[in-house]
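J.: My questions will all concern the structure given below.
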Amino acid sequence: MRVVTTAQPLDVQPTPLALLLLGREADPKSERGVECPGDLPAPSDPDLVERARAAKAKLGDKVFVLGHHYQRDEVIEFADVTGDSFKLARDAAARPDAEYIVFCGVHFMAESADILTGDDQQVILPDLAAGCSMADMATAEQVAECWDVLTEAGVAEQVVPVSYMNSSADIKAFTGKHGGTICTSSNAKRALDWAFEQGEKVLFLPDQHLGRNTAVRDMGLSLDDCVVYNPHKPNGGLRAEELRAAKMILWRGHCSVHGRFSLESVNDVRARIPDVNVLVHPECKHEVVAAADYVGSTEYIIKALEAAPRGSKWAIGTELNLVRRLANRFAAEDKEIVFLDKTVCFCSTMNRIDLPHLVWTLESLAAGKVVNRIEVDKETESFAKLALERMLALP
Numbered sequence: 000m001r002v003v004t005t006a007q008p009l010d011v012q013p014t015p016l017a018l019l020l021l022g023r024e025a026d027p028k029s030e031r032g033v034e035c036p037g038d039l040p041a042p043s044d045p046d047l048v049e050r051a052r053a054a055k056a057k058l059g060d061k062v063f064v065l066g067h068h069y070q071r072d073e074v075i076e077f078a079d080v081t082g083d084s085f086k087l088a089r090d091a092a093a094r095p096d097a098e099y100i101v102f103c104g105v106h107f108m109a110e111s112a113d114i115l116t117g118d119d120q121q122v123i124l125p126d127l128a129a130g131c132s133m134a135d136m137a138t139a140e141q142v143a144e145c146w147d148v149l150t151e152a153g154v155a156e157q158v159v160p161v162s163y164m165n166s167s168a169d170i171k172a173f174t175g176k177h178g179g180t181i182c183t184s185s186n187a188k189r190a191l192d193w194a195f196e197q198g199e200k201v202l203f204l205p206d207q208h209l210g211r212n213t214a215v216r217d218m219g220l221s222l223d224d225c226v227v228y229n230p231h232k233p234n235g236g237l238r239a240e241e242l243r244a245a246k247m248i249l250w251r252g253h254c255s256v257h258g259r260f261s262l263e264s265v266n267d268v269r270a271r272i273p274d275v276n277v278l279v280h281p282e283c284k285h286e287v288v289a290a291a292d293y294v295g296s297t298e299y300i301i302k303a304l305e306a307a308p309r310g311s312k313w314a315i316g317t318e319l320n321l322v323r324r325l326a327n328r329f330a331a332e333d334k335e336i337v338f339l340d341k342t343v344c345f346c347s348t349m350n351r352i353d354l355p356h357l358v359w360t361l362e363s364l365a366a367g368k369v370v371n372r373i374e375v376d377k378e379t380e381s382f383a384k385l386a387l388e389r390m391l392a393l394p
């Protein structure tokens, strides 16, 4: 991993609770977003709100706080802008005067912001444990081995890599080095159209569901045109003949939140709520997307609900923090908005960024201490930026 993270020592000997709050220790019992047995964690201490306001005011224009849509409300309150991962990275790049970029999201998002911002800007992730299980499903070593498999099968020269924004800087750099592009859930079809103009096959990393749904639902390819490369099996679990016949080589990765929605969830909500509209993210499984009424990115979901008629009913298949925020926002318009699955589920790593972490970050910066800096090395940054620029140049 070519990422340097820097954390300054505390002035006092931290207690075990402080270590947990500062993201330097882990509590397995707090990782509840995987099994989703209950409700969201309780809000942070309200007294921290005033500390956050004071520290942010002291920093003034030196700090720019980015808040991903999946963050807790208590964190979003202090965000200067909100959005999806790529929108936020671009917003950071558009603020060259901000000395500190505090990214309230997950690790790969902070990396992207560091790639797109100036050398004199410092990107901060309030909790270094805020990672992404999907991004972690594709390592640089695994992808290099996959490329060797494609080479041995005689198809590498025909393959164009397309990597989802939800990937590490190393994977973005691999993509740039091998002539590929990055995509978001909003422009995946445009990215794939471009890729098929460059070559005959696509290696789609790391989310198999977004790749499959875009290829089949939006581009007219068949499920038979898709194969899944499993990095944990010899040769990805595929024969050379399968690689030669395939058009879409999908990496075996997924989002732990969106991947939990099932066809049973869709059928159940339709039975419970008459006339409900099912709206899901394209990271969901293919059968869920096929059964839904509407499919789109996080920004699409927000805009769809903004445009929805009063009194309409919606079951949303995406992260719980966003669903709850939208339900509260549109309650006055009598729009009934529910989580698609009956079992509560939120992104556990996104939820590691809470008010204690944000307060610690802002107060440290206000005191002249840079903590938890995310810095991508220059070689990785160069190739990753090339892949990102190819995306920006898409028609």
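Numbering follows numbering that gives the first Met the number 0, with no gaps: position 1 of the sequence shown is 0.
Just so you know, even glycine gets a beta-carbon here, dropped at the ideal spot from N, CA and C.
Only counting the same chain, and skipping five residues up and downstream in sequence, which positions put a Cβ closer than 6 angstroms to that of Ser84?
T.: Met108, Met164
J.: So, Ile114 versus Glu380, is the Cβ gap smaller than 8 angstroms?
T.: yes
J.: Kindly indicate which three-state DSSP category His285 falls into: helix, strand or coil?
T.: helix
J.: Check whether the Cβ atoms of Tyr69 and Asn320 lie closer than 8 angstroms to each other.
T.: yes
J.: May I have the straight-line CA-CA distance separating Gly198 from Gly175, to the nearest angstrom?
T.: 15 angstroms
J.: Within 10 angstroms of the Cβ of Thr297, are there 16 or more other Cβ atoms? Answer buried if so, exposed if not.
T.: buried
J.: Please state whether DSSP places Val294 in a helix, a strand or coil.
T.: strand
J.: Could you check if Gly210 is buried or exposed, using at least 16 other CB atoms within 10 Å of its CB as the buried criterion?
T.: buried
J.: Specify whether the stretch 345-352 and the stretch 110-128 touch according to this definition: at least 3 beta carbon pairs, one from each stretch, less than 8 angstroms apart.
T.: yes
J.: If we call anything under 8 angstroms between Cβ atoms a contact, is Val369 one with Gln121?
T.: Val369 is a Cβ neighbour of Gln121, given a cutoff of 8 angstroms.
J.: On the premise that Asp60 lies in contact with Phe96, defined as a C-beta separation below 8 angstroms, what is that separation, rounded to the nearest angstrom?
T.: This sequence places Asp at residue 96; Phe is not what is there. Asp96 to Asp60, Cβ: 6 angstroms. Contact.
J.: Drop a sphere of 10 angstroms on the beta-carbon of Thr150, count the other beta-carbons inside from all chains shown, and report buried for 16 or more, exposed for fewer.
T.: exposed
J.: Cβ of Phe382 within 7 angstroms of any heavy atom in the ligand GTP?
T.: This structure lacks the ligand GTP, and indeed carries no ligand of any kind.
J.: Identify every run of the beta strand (DSSP E) within the stretch 59-145, keeping only runs that are complete inside it and at least 3 residues long; order them along the chain.
T.: 62-67, 80-82, 99-103, 121-123
J.: Locate the alpha helix (DSSP H) running through Glu240, then write down its first and last residues.
T.: That run of the alpha helix (DSSP H) goes 239-244.
J.: Does DSSP put Ala314 in a helix, a strand or coil?
T.: strand
J.: On the DSSP letters alone, give me the boundaries of the beta strand (DSSP E) that Asn276 sits inside.
T.: Here the beta strand (DSSP E) through Asn276 covers 276-279.
J.: Does the distance from the C-beta atom of Leu87 to that of Leu65 stay below 8 angstroms?
T.: Yes, Cβ-Cβ distance for Leu87 and Leu65 is below 8 angstroms.
J.: For the alpha helix (DSSP H) that Thr180 lies in, which residues bound it at each end?
T.: No alpha helix (DSSP H) holds Thr180; the beta strand (DSSP E) holding it covers 180-182.
J.: Could you check which residue in Ile248, Val287, Thr317, Ala78 has the C-alpha nearest to that of Asn266?
T.: Of the candidates Ile248, Val287, Thr317, Ala78, the one whose C-alpha sits nearest the C-alpha of Asn266 is Val287.
J.: Have a look at Ala51, Cys182, Val201, Ala326 and flag the residue whose alpha-carbon is nearest the alpha-carbon of Ser111.
T.: Cys182
J.: Could you check which residue in Ala56, Leu361, Lys200, Ala155 has the C-alpha nearest to that of Asp224?
T.: Lys200
J.: Mind checking who Trp250 pairs with in its DSSP beta bridge?
T.: Tyr228
J.: Can you tell me where the beta strand (DSSP E) holding Lys200 begins and where it ends?
T.: 200-204
J.: Using only the alpha-carbon positions, how far apart do Val375 and Thr360 sit?
T.: 20 angstroms
J.: Between which residues of its own chain and Ala398 is the CB-CB distance below 8 angstroms, once the five residues before and five after are set aside?
T.: Outside the modelled stretch of the chain, which goes from 0 to 394, sits residue 398, for which no answer is possible.
J.: Roughly how many angstroms separate the alpha carbons of Leu387 and Thr116, rounded to a whole number?
T.: 13 angstroms
J.: If you check the beta carbons only, do Ala139 and Phe173 fall under 8 angstroms apart?
T.: yes
J.: Lys312 and Val256 - do their beta-carbons sit closer together than 8 angstroms?
T.: The Cβ-Cβ distance between Val256 and Lys312 does not fall below 8 angstroms.
J.: Name, in chain order, the residues that DSSP records as bridge partners for Tyr299.
T.: Beta-bridge pairing links Tyr299 to no other residue.
J.: What is the DSSP secondary structure of Val161, reduced to helix, strand or coil?
T.: strand
J.: Thinking C-beta only, is Leu262 closer than 8 angstroms to Ala291?
T.: no
J.: With a cut-off of 8 angstroms on the beta carbons, I'd call Asp340 and Ser264 a contact; round off their distance for me.
T.: 5 angstroms
J.: For Asn371, is the classification buried or exposed, using 16 other Cβ atoms within 10 angstroms of its Cβ as the cut-off for buried?
T.: buried
J.: Identify, in the order they occur along the chain, each residue of the same chain with its Cβ nearer than 8 angstroms to the Cβ of Lys188, setting aside the five sequence neighbours on each side.
T.: Thr213, Asp217, Met218
J.: Counting C-beta neighbours from all protein chains within 10 Å, is the total for Thr180 16 or more, i.e. buried, or is it exposed?
T.: buried
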